[in-house]
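Counting in the working numbering, the final residue of the sequence shown is number 364, and the numbers go up one at a time with none missing. Beta carbons: idealized from backbone N, C-alpha and C, even for Gly. Since the structure comes first, as structure tokens, the remarks are kept for the end.
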Amino acid sequence: MPRPPHKPKPARSAGGAGLHPRNLHQGRYDLAVLVNHSGELAAHLTRNPRGETTIDFSDADAVRCLNQALLAHYYGIQHWQLPPGYLCPPIPGRADLVHHAADLLARSCDGTPPTGRRIRVLDIGTGANCIYPLLANRSYGWRVTGSDIDPVSIAAAQAIVEANPLVRGNIELVLQREGAIFEGLLASGQRFHLSLCNPPFYASEAQARAANQRKRDNLARHRGERGSPARRNFGGQRAELWCPGGERRFLQQMITESRAFGERLCWFSSLVSNGDNLHPLKRQLRAEGVRQLEVIPMGQGQKQSRLLAWSFLTPEQQRDWVRESLQASG
């Protein structure tokens, strides 16, 4: 289990108001402590206009070093490397989704999230960073199966798992065929308590590049610059950032496929970044006959998102399933 967080010292906010109460990344990053976990991080420390120690959060190398330090300090993950050009995610926001998803399972356990490897979790689109399996296992001890359609992502995630004895044996990586989400992924009779997903947001590479350019321009204006350095923290490969139809179409397919696995998964869940997608997705879920439908608001600073969750089981069926799992041997 993760170690308790140190009392934070002034630095840039890790997530701002709105983080889940169990999120370890409350307040500001304690960079004076974190540099002890990443020798490279010290080289990226700088001062903001208020004289506070911080890093350039648009610099991919700086964010990578920060993530390595956060994972080591809070979760005991000592080795975490990404292939060039792959997504380097913000840890606090990813942890928030895991904790909110844990609350769904807590409903079947008298309000306390269940822990231990008897709880099986499926992560759709794990990516090269393997971040959700790492956080889910180290926060709650869950056994996680991560899937991805990109062989490079699977190889990188597998290397992370193999390099960290604390998670080895508790995280499995599976190469999924392109065009499928759940189909072909679950072995015969296999059951999971929860599925997680952070779906591709953009509908095309051009759309993703245009959005990234706007981020660069906004950051440059914020710093009073005319241009921006070449190496920016806006990486990501196709499967991580875009797919035909973007977030809405991806989740529509997920909902369609989920019906066939409704008795083999307690809770399906996914991040929804675009609030305009909620209405059509909820309408589709009701048409599919879900028994439970939840929209859980999440917010980190000025960024607002939500966790969409659904189940084809009743609360009573879920409670029996989870309790049976926790009482089982192995």
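Just to confirm, are residue i and residue j a CB contact at a threshold of 8 Å?
i	j	result
His-134	Leu-341	yes
His-366	Val-155	Missing from the structure shown is residue 366; the chain here goes from 35 to 364 and no further.
His-163	Asn-204	Sequence check: residue 163 is Asn here, not His. No, the pair does not count as a contact, with Cβ atoms beyond the cut-off.
Glu-350	Asn-308	no
Ser-303	Ser-359	no
Gln-224	Arg-151	no
Leu-100	Leu-75	yes
Pro-167	Gly-180	yes
His-71	Ala-103	yes
Cys-10	Gly-296	Examination of residue 10 is not possible in this model, given that the chain is present from 35 through 364 alone.
Compute the beta-carbon to beta-carbon distance between residue i and residue j, rounded to the nearest angstrom, for a pair I have assumed lies under 8 Å.
i	j	result
Phe-284	Pro-331	Actually they do not touch by this definition, with Cβ atoms about 21 Å apart.
Ser-173	Val-132	6 Å
Gln-286	Leu-315	7 Å
Asp-90	His-78	7 Å
Keeping to the same chain, check which residues put their C-beta closer than 8 Å to that of residue i; ignore five residues upstream and five downstream.
i	result
Glu-217	Glu-291, Ala-294
Val-69	Leu-75, Ala-76, Leu-79, Ala-103
Cys-122	Ala-94, Val-97, Arg-98, Asn-101, Leu-116, Asn-163, Asn-267, Gly-269
Can you list, in chain order, the residues of its chain with a C-beta nearer than 6 Å to that of residue i? Leave out the 5 residues immediately preceding and following it.
i	result
Ile-188	Asp-182, Leu-207, Leu-209
Gln-326	Ser-345
Ile-190	For the sequence presented, residue 190 should be read as Ala rather than Ile. Answer for Ala-190: Pro-117, Ala-162, listed in chain order.
Ile-153	Trp-176, His-227
Asp-144	none
Asp-310	none
Gly-110	Leu-200
Between the C-alpha atoms of residue i and residue j, what's the straight-line distance to the nearest angstrom?
i	j	result
Pro-396	Leu-138	The displayed coordinates of the chain run from 35 to 364. Any statement about residue 396 would go beyond what the structure contains.
Lys-337	Thr-87	23 Å
Glu-322	Gly-333	29 Å
Arg-128	Ser-222	30 Å
Gly-213	Ile-194	26 Å
Asn-57	Pro-185	31 Å
Thr-80	Ala-96	11 Å
Thr-348	Met-288	20 Å
Gln-361	Ala-136	19 Å
Gln-115	Arg-211	25 Å
Arg-357	Thr-149	12 Å
Tyr-120	Arg-98	11 Å
Ala-197	Arg-84	39 Å
Ile-215	Asp-157	10 Å
Arg-260	Ile-165	Any answer about Arg-260 is weak, because its pLDDT of 41 lies below 50 and its placement is not dependable; what the coordinates show is given next. Spanning the two alpha carbons is a distance of roughly 34 Å.
Leu-305	Arg-317	17 Å
Please list, in chain order, all residues of the same chain as residue i whose beta carbon is under 7 Å from its beta carbon, the five residues on each side excluded.
i	result
Arg-353	Ser-142
Ala-140	Thr-146, Pro-147
Val-329	Leu-312, Arg-340, Leu-342
Gln-192	Leu-207
Val-324	Trp-344, Ser-345, Phe-346
Pro-55	none
Leu-220	Phe-295, Arg-298
Trp-355	Cys-300
Against chain C, does residue i count as a neighbour if the rule is that its beta carbon must be under 8 Å from one of theirs?
i	result
Val-356	In summary, chain C is missing from the structure at hand, where a single protein chain is found.
Length at least 4, wholly inside the segment 171-199: the alpha helix (DSSP H) runs in chain order: 185-197
Entirely enclosed beta strand (DSSP E) segments - the segment 68-145, minimum 3 residues: none
Completely contained alpha helix (DSSP H) runs for the segment 305-335, where each covers 4 or more residues: 312-322
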